[in-house]
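Be aware that the sequence shown starts at 662, since it is given in the numbering used here, and climbs by one per residue.
Have a look at the structure below, then the notes.
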Amino acid sequence: MILDIDMLRSFYTSYSDNVKKAKNMLCRPLTYTEKVLYSHLYDPDSIKPFKRGETYVDFRPNRVAMQDATAQMALLQFMNAGKDKVAVPASVHCDHLIRADFGADKDLSIACNANKEVYDFLRSVSQRYHIGFWAPGAGIIHQVVLENYAFPGGMMVGTDSHTPNAGGLGMVAVGVGGADAVDVLTGQPWELKMPKLIGVHLTGNLTGWASPKDVILEILGMLTVKGGTNAVFEYFGEGLHHISATGRATICNMGAELGATCSIFPFDDNTDEYLCRTDRQEVASMAEANAKELRADDEVYANPKMFFDKIIEINLNEVEPHLNGPFTPDAATPISHMRAQGAANDYPMKVEVGLVGSCTNSSYQDLARAASIARQAYQKHIPVRAQLIINPGSEQIRYTAERDGILDDFKKIGAIIMTNACGPCIGQWKRHIDNETRKNTIVTSFNRNFRRRADQNPNTYAFIGSPEMTTALAIAGRLDFNPAMDTLLDEKGNLVKLDEPHGFAFPPKGFESAPAEIGIGIDALKTNGLFIPPSEEHKSIEIAIS
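In structure tokens:
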């Protein structure tokens, strides 16, 4: 079942013509970002050479996504607009109000009781106004959007700063406030300053312990948290073909930490495969028919300096694992330098907790690669020195990972599996620590690490890395452990080394959300009560306000 298929068919019917119209009016080749922007002008006849970084332009996005912490006020505002239903497809995702403490089942039960009024309101208002509703436990907003809603060439806004995650599938996806979301929900123009364009040219291939996360961590070190303000990062080059769709989403996700408007990758075989593997073959076919305009024009790739405001060159062969932090995501340190950096800055070098998950790194591939490290610790009898916590990105990922033995790999080394939700990444974590006044270190696969963010403790030094590095450092218990070079002691005192991580981009047996007898894909989630689709009977729904 493909959600919002009528909108998608209508969009792809006119997309290429709209792009060609813009090229004819502007009399020049276009970057991919420009193609998406100009094809979404609120007034299709208002095409002109808008001044980047200065001119405000009205757009007409295709859809809106909202999470439970921000949707409440946005939907209250929408209710006052007097509309019968939303003007564009929209969805609400309950992922921000679930606290990580005991484990998935108990934490979810506690959250459903504690937040019953909020969930009842969001469920009923979604049903009343023709909005898709994703219940607590369904997953993290951006992972669910990637699996079900994101599509190449589209434009969406979301009431969450990491909405740009959808750029991994080729969308211009922008995080906005509730008032902006209401403009789109009511069919009004959405205003955005025409962004500057930063081209990121990728060459080579990631090797060893390096991951897509390390690409964006390295860029953050280069540009800082202000380096992308009012800009879109557009990735291109032969190197991108070696990065999976979910790896691209990770890079786009953390573009938010650069201050970027959003980030975007062009459509290619990796995009096509992800759409097909998530049961959206028709969307893949429509995108393929428009493939020429779902990338920059050839002239742009031949001479990118003529079309982008800035070019960044990244040779993936040279990227190494990074740990960014503490207290800011742009303090980038290659793992090979961490020993010296830690000594120079008096970092607490003992790693006490490793946390894998968040909207940045909770895909099947993320968990599979991290689990390949956990599996080695179990098989090689390596004691695990730190607590390990896992948050799957969606119920589809959780169920599939459980079926494939990935969650068991984590559990065998003592990891706790938390709910499919944001949890510790946004401070929804009841951490148990012996003394909150002492300096301590945690390593996460999250996107932000500001002081107090994860556990409200000002003395916690939080470092950001990839899921596989987070797992390796939790096993080693040391911030300066370099798995490419260093060894560990097994239970008998023998020196052992961790092999490089590996993991399929897609599950060999395909994705599942529940046993086959319950249903397949979206139907299974509907049966389990985790997803309520928009209903044509929406006008009869009574909104629950306590």
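Don't be surprised by glycine CBs; every beta carbon is placed ideally from N, CA and C.
Fair warning: this is a prediction, and the values are worked out from it, not measured in the lab.
Exercise for review: Check whether the Cβ atoms of glutamate 852 and valine 725 sit closer than 9 Å, and answer yes or no.
Suggested key: no
Point to revise | Assigned exposure category for threonine 1131 - 16 Cβ within 10 Å defines buried | key: buried
Practice item. Evaluate aspartate 729 with the Cβ neighbour count: other Cβ atoms within 10 Å of its Cβ, from every protein chain shown; 16 or more gives buried, anything less gives exposed. Key: Around the beta carbon of aspartate 729, a 10 Å sphere encloses 16 or more other beta carbons of the protein chains shown; the residue is thus reported as buried.
Exercise for review: Determine, using beta carbons only, whether aspartate 821 and threonine 731 come nearer to each other than 9 Å.
Suggested key: yes
Exercise for review: Please list, in chain order, all residues of the same chain as glutamate 1203 whose beta carbon is under 8 Å from its beta carbon, the five residues on each side excluded.
Suggested key: Ser785 and Arg789
Check your understanding: Quick one: is glutamine 1117 buried, meaning 16 or more other Cβ sit within 10 Å of its Cβ, or exposed?
Key -> exposed
Review point. For the 8 Å Cβ check, are there 3 or more pairs between the stretch 861-870 and the stretch 844-851?
Key: Counting Cβ pairs under 8 Å, fewer than three are found: no touch.
Exercise for review: Have a look at Val893, Pro705, Asp1147 and Glu1013 and flag the residue whose alpha-carbon is nearest the alpha-carbon of leucine 1159.
Suggested key: Asp1147
Check your understanding: In chain order, which continuous runs of the beta strand (DSSP E) of length 3 or greater are located wholly inside the stretch 708-778?
Key -> 717-720, 724-728 and 751-754
**Study point:** Chain-order list of residues whose beta-carbon lies under 8 Å from that of phenylalanine 711 (same chain, five-residue window excluded)
**Key:** Val718 and Met855
Point to revise | Inside the stretch 796-855 only - beta strand (DSSP E) runs reaching at least 3 residues | key: 816-819, 833-836 and 851-854
**Study point:** glutamate 949: first and last residue of the uninterrupted alpha helix (DSSP H) it sits in
**Key:** 942-950
Review point. Would DSSP call glutamate 1197 helix, strand or coil?
Key: coil
Practice item. List the residues that DSSP assigns as beta-bridge partners of phenylalanine 794. Key: Val753 and Ile1193
**Study point:** Endpoints, alpha helix (DSSP H) assigned at glycine 882
**Key:** 873-884
Check your understanding: Looking only at its own chain, which residues have a Cβ that is under 7 Å from the Cβ of arginine 1112, when we skip the five neighbours before and after it?
Key -> Phe988 and Pro1119
Exercise for review: Helix, strand or coil for histidine 902, going by three-state DSSP, please let me know.
Suggested key: helix
Exercise for review: To the nearest angstrom, report how far apart glycine 1088 and aspartate 762 are at their CA atoms.
Suggested key: Approximately 11 Å, taken between the alpha carbons.
**Study point:** Whole-number beta carbon distance between cysteine 913 and glycine 828, since they are thought to touch under 8 Å
**Key:** Contact between glycine 828 and cysteine 913 holds: their C-beta atoms lie close to 3 Å from each other, under 8 Å.
Review point. Which residue or residues does DSSP assign as beta-bridge partners of histidine 862?
Key: Phe897 and Glu974
Review point. If you draw a straight line from the alpha carbon of threonine 1188 to that of glycine 764, how long is it in whole angstroms?
Key: Roughly 24 Å between the two C-alpha positions.
**Study point:** Distance between tyrosine 1122 and asparagine 1108 (C-alpha atoms, nearest Å)
**Key:** About 14 Å.
Review point. Leaving out the 5 sequence neighbours to the left and right, which residues in its chain are closer than 7 Å to glycine 646 when beta-carbon positions are compared?
Key: Since the displayed the chain opens at 662 and closes at 1207, residue 646 lies outside it and no answer follows.
**Study point:** Nearest-angstrom Cα separation, counted from leucine 1150 out to alanine 1029
**Key:** When rounded, the separation of the alpha-carbon atoms in alanine 1029 and leucine 1150 is 24 Å.
Review point. Anyone know if the C-beta pair for arginine 909 and isoleucine 663 falls short of 9 Å?
Key: In this structure, isoleucine 663 does not lie closer than 9 Å to arginine 909 by Cβ.
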